[in-house]
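K.L.:
Just dropping this structure here.
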């Protein structure tokens, strides 16, 4: 597709369940980011992938959060044993990456509600 | 690492007036500074950007200025319209690595 694609767009889950969110970046974009945005709040950095380099995981809030990306393709963000405070919109973004300063393109986000 | 601060957190202006949002950054090696607009329930979208080799850039009613010495950059919106109402985020990055965003400014344009 032409843009960053995320799925699901909405996810309602019960506390304690695991969830998996998917991001399909723009083709050829080597950099991929996950951000969390709570209602009315800013963009909280979670994790950054750049090509085949080790990801920057410094923003992951706890060990319940993990993310994977194979090469320069799809990424999945997994939240284990979800808590109510995990409720937020999870935004994925991609760019051409290191050495290529340019626009960061966002997906529509995955809205997670933990009951 | 980079740290980006943004002020004000909220801003209300009368339609037709100008709005200015200011950001500061900490990493002198940052060389790309985009501004994103996020309308309610929508994704952030790029409205203007500036690179470190330029001091000012203008696109119709929107302009961005950069002061590398002071490490701050500003967004200027002239002749504001109701559709300018949104949350605006500044960001800084070094060579496309690890975009760091400011906390956002909620702009309300009052009719």
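Protein chains in written order, with our numbering: chain A, -2 to 112; chain B, 8 to 118. Where is the CB? At the ideal position from N, CA and C, for every residue including glycine. Note that the structure is a prediction, hence the values are computed from the model and not measured.
Is there at least one Cβ from chain B nearer than 8 Å to residue 87(A)'s Cβ?
P.N.:
As a position in the first chain, residue 87(A) is number 90, starting the count at 1. Output row for residue 87(A): interface = no.
K.L.:
Just list the alpha helix (DSSP H) runs in the region 67 to 91 of chain A, keeping only unbroken ones of 4 residues or longer that don't cross its boundaries, in chain order.
P.N.:
none
K.L.:
Residues bridged to residue 109(A) by DSSP?
P.N.:
Within the first chain, numbered from 1, the residue matching residue 109(A) stands at position 112. Checking the DSSP bridge columns, you'll see residue 109(A) partnered with 8(A), 85(A).
K.L.:
Counting only beta-carbon atoms, is residue 64(A) nearer than 8 Å to chain B?
P.N.:
Sequence index remark: in the first chain, residue 64(A) carries index 67 (1-based). By this cut-off, residue 64(A) is not an interface position.
K.L.:
Using a Cβ cut-off of 7 Å, pull out every chain A residue sitting near residue 53(B), in sequence order please.
P.N.:
The sequence position of residue 53(B) within the second chain is 46, counting from 1. What residue 53(B) touches in chain A: 100.
K.L.:
Please list, in chain order, the residues of the region 91 to 114 of chain B that have any C-beta partner in chain A closer than 9 Å.
P.N.:
94, 96, 98, 100, 101, 102, 103, 104, 105, 106, 107, 108, 109, 110, 111, 113
K.L.:
Rounded to whole angstroms, what's the CA-CA distance from residue 9(B) to residue 49(A)? Just pull it up for me.
P.N.:
By 1-based counting over the second chain, the position of residue 9(B) is 2. By 1-based counting over the first chain, the position of residue 49(A) is 52. Roughly 23 Å between the two C-alpha positions.
K.L.:
Return the chain-ordered ranges of every alpha helix (DSSP H) run that is complete within the region 28 to 109 of chain B and spans a minimum of 4 residues.
P.N.:
none
K.L.:
Could you say if the region 58 to 73 of chain B and the region 12 to 24 of chain B meet the contact criterion of at least three C-beta pairs nearer than 8 Å?
P.N.:
In this structure the region 58 to 73 of chain B does not lie against the region 12 to 24 of chain B, because fewer than three pairs of beta carbons, one per stretch, are closer than 8 Å.
K.L.:
Would DSSP call residue 64(A) helix, strand or coil?
P.N.:
In the first chain, counting from the first residue as 1, residue 64(A) sits at position 67. The answer is strand: DSSP assigns residue 64(A) an E or B state.
K.L.:
So, is the C-beta of residue 46(A) closer than 8 Å to a C-beta in chain B?
P.N.:
Position 49 of the first chain holds residue 46(A). Cβ-Cβ to chain B under 8 Å: no for residue 46(A).
K.L.:
Looking at residue 30(B): is its Cβ nearer than 8 Å to the Cβ of residue 11(B)?
P.N.:
As a working mapping, residue 30(B) is identified with position 23 in the second chain. As a working mapping, residue 11(B) is identified with position 4 in the second chain. The answer is yes: Cβ separation under 8 Å.
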